[in-house]
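Notes to accompany the following structure.
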Amino acid sequence: MANIDVGKLAAAMLRAAQGKLQAHWNDVRPFAQTEMKKLAETALQIQLGQADGSLTKEQAEILLAMQANASQAVLTALETVGMIAAQDAINAAIDVLKDAVNNAVGIAFL
Amino acid sequence: MKRPDFYSKHVAARIPCVNVIAVAVVSVLVTSCAVVLVGPYDEVTDQAITELETKTEQFLVKMELGGGDYQSNKSFYRDAKASVRAIRLRAELYEKNEGELRELDLLAQNFDNLAKLHRLGSLTGNAGSIARTQIETNFQSLIRIELAKKRSSGVSNKTS
């Protein structure tokens, strides 16, 4: 049975995990930036609308409730995508470990 | 205490074999199951969300241009809520799907808020424009999760 190089294996596992995290982050970053900006702009629109009379008090209250709801939706999406990224990162690292063990044993053991 | 001869001859000879078994057992425990933190991608759910989003956009554009009142358009809210419920029922079938379920609940609540706003007057002008942005954010958040699940499904299949 060939010896496993722990240092090399750990580095390879880290690279595999990092690749997955980076891929998800590249996907989710533009969404996070756009949505946060949109939410901030909408809050200002509600404030200005109430000030200039284009929105009634009742309308502004409902729109603020919708704003709070939409903000929660963005945060929930970021949290869930973060969990998916963590899941993929762990599984990618496990794949590297599996390959290393199989190579060391000399057969497709795992 | 001196060990008997049979120990050094037989048991000690088996130690490399014991090491191999130990490594194998630990490896199997570590690698035999893929880690699942979030429920899997479901194409039917993804399509249903996209269909509902299209219907909602069509409705909001129609309201923005035509300024229809709530009474003549209340069937939209009934149908939209029914669609969210149907999507939720399917999403409930999967374990660890809390994020998606939470998104669907938030979407249903914002459909209720939109209906309340519509009862106060037509969905035109500033009110209609802001409400549309909020509902679109709900959909964008849901779709973002679906896209991440879709991307992830390749990795999950490989390790399972």
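These protein sequence lines map, in sequence, to chains A and B. Counting from 1, position 24 in the first sequence corresponds to residue 23 in numbering that gives the first Met the number 0; the numbering is continuous, with no gaps. Counting from 1, position 89 in the second sequence corresponds to residue 88 in numbering that gives the first Met the number 0; the numbering is continuous, with no gaps. Think of the CB as a built atom: it goes at the ideal place given N, C-alpha and C, for glycine as much as any other residue.
Under the assumption that residue i contacts residue j (Cβ atoms under 8 Å), give the Cβ distance between them as a whole number of angstroms.
i: Arg89(B); j: Val27(A); result: About 24 Å; that fails the 8 Å criterion.
i: Phe30(A); j: Gln139(B); result: 7 Å
i: Ala114(B); j: Tyr76(B); result: 5 Å
i: Thr55(B); j: Ala79(B); result: 7 Å
i: Leu116(B); j: Ile61(A); result: 5 Å
i: Glu102(B); j: Leu141(B); result: 5 Å
i: Ala103(A); j: Ile3(A); result: 5 Å
i: Val100(A); j: Met12(A); result: The Cβ separation is near 12 Å, so there is no contact.
i: Ala39(A); j: Gln66(A); result: That pair is no contact at about 10 Å.
i: Leu51(B); j: Ser82(B); result: 5 Å
i: Asn112(B); j: Ala64(A); result: 5 Å
Could you list which residues in chain B have their beta carbon closer than 8 Å to that of residue i, in chain order?
i: Gly48(A); result: Asn125, Ala126 and Ile129
Applying a beta-carbon distance threshold of less than 8 Å, which residues of chain A neighbour residue i?
i: Leu122(B); result: None at all; the shortest Cβ gap to chain A is about 10 Å.
i: Gln133(B); result: Thr41, Leu62, Met65, Gln66, Asn68 and Ala69
i: Gly98(B); result: Thr75, Ala76, Glu78, Thr79 and Met82
i: Asn72(B); result: Going along chain A, no residue has its Cβ under 8 Å from Asn72(B), so there is no contact; the nearest lies around 17 Å.
i: Leu119(B); result: Thr55, Glu57, Gln58 and Ile61
For residue i, which residues in chain B fall below 9 Å Cβ to Cβ?
i: Asp26(A); result: Arg143, Leu146, Ala147 and Arg150
i: Thr8(A); result: It is Leu, not Thr, that sits at residue 8(A) in the sequence shown. Those do not exist, as Leu8(A) stays about 12 Å from chain B at its closest Cβ, beyond 9 Å.
i: Gln44(A); result: Asn125, Ser128, Ile129 and Thr132
i: Asn102(A); result: Here the premise fails: no neighbours, minimum Cβ distance about 12 Å.
Name the chain B residues that come within less than 7 Å of residue i, Cβ to Cβ?
i: Lys37(A); result: Thr132 and Thr136
i: Leu54(A); result: Asn125 and Ala126
i: Ala72(A); result: Glu102, Leu105, Thr136, Asn137 and Ser140
i: Asn2(A); result: By Cβ distance, chain B contributes nothing, its closest Cβ being about 11 Å from Asn2(A), past 7 Å.
With hydrogens ignored, establish whether the beta-carbon of residue i is closer than 7 Å to any heavy atom of the ligand FAD.
i: Asn137(B); result: In terms of ligand content, the structure shown is empty, and the ligand FAD therefore cannot be addressed.
Please compile the residues from chain A whose C-beta is within a distance smaller than 7 Å of the C-beta of residue i.
i: Val35(B); result: Gln86
i: Arg101(B); result: Thr75
i: Gln108(B); result: Asn68
Which residues of chain A have a Cβ atom closer than 9 Å to the Cβ of residue i, listed in chain order?
i: Leu116(B); result: Glu57, Gln58, Ile61, Leu62 and Met65
Handout entry: In chain order, each beta strand (DSSP E) run of at least 3 residues that lies wholly inside the segment 43-101 of chain A
Key = List check, beta strand (DSSP E) in window: nothing returned.
Exercise for the section: Specify whether the segment 51-62 of chain A and the segment 116-132 of chain B touch according to this definition: at least 3 beta carbon pairs, one from each stretch, less than 8 Å apart. Expected result: The way I'd put it, the segment 51-62 of chain A does touch the segment 116-132 of chain B; three or more beta-carbon pairs between them come closer than 8 Å.
Problem - the segment 84-101 of chain B contacting the segment 38-47 of chain B, beta-carbon criterion three pairs below 8 Å - result: Verdict: yes, contact present.
Exercise for the section: Go through the segment 36-77 of chain B residue by residue and report every complete run of the beta strand (DSSP E) that reaches 3 residues or more, in order. Expected result: Those beta strand (DSSP E) runs which fall completely within the segment 36-77 of chain B and span 3+ residues do not exist here.
Exercise for the section: For the segment 31-48 of chain A and the segment 59-77 of chain A, state whether three or more C-beta atom pairs, one from each stretch, are separated by less than 8 Å. Expected result: Contact between the segment 31-48 of chain A and the segment 59-77 of chain A is present, because at least three Cβ pairs lie under 8 Å.
Practice task
Count the CB pairs spanning the segment 54-65 of chain B and the segment 39-52 of chain A that are closer than 8 Å, and state whether there are at least three.
Solution key: Counting C-beta pairs closer than 8 Å gives fewer than three between the segment 54-65 of chain B and the segment 39-52 of chain A, which falls short of the contact rule.
Exercise for the section: May I ask you to verify whether the segment 102-114 of chain B touches the segment 9-26 of chain A, counting CB pairs closer than 8 Å and requiring at least 3? Expected result: As far as the Cβ criterion goes, the segment 102-114 of chain B does not touch the segment 9-26 of chain A, which means the pair count is below three.
Practice task
Would you be able to state if there are at least three C-beta pairs under 8 Å between the segment 39-47 of chain A and the segment 145-155 of chain B?
Solution key: No, they do not touch.
Exercise for the section: Evaluate contact between the segment 74-93 of chain A and the segment 13-24 of chain A, counting only Cβ atoms and requiring at least three cross-stretch pairs below 8 Å. Expected result: Output reads yes: the segment 13-24 of chain A touches the segment 74-93 of chain A.
Handout entry: Any alpha helix (DSSP H) of 4 or more consecutive residues that is wholly inside the segment 66-150 of chain B
Key = Entirely contained in the segment 66-150 of chain B, the alpha helix (DSSP H) runs reaching 4 residues are, in chain order, 69-90 and 97-119.
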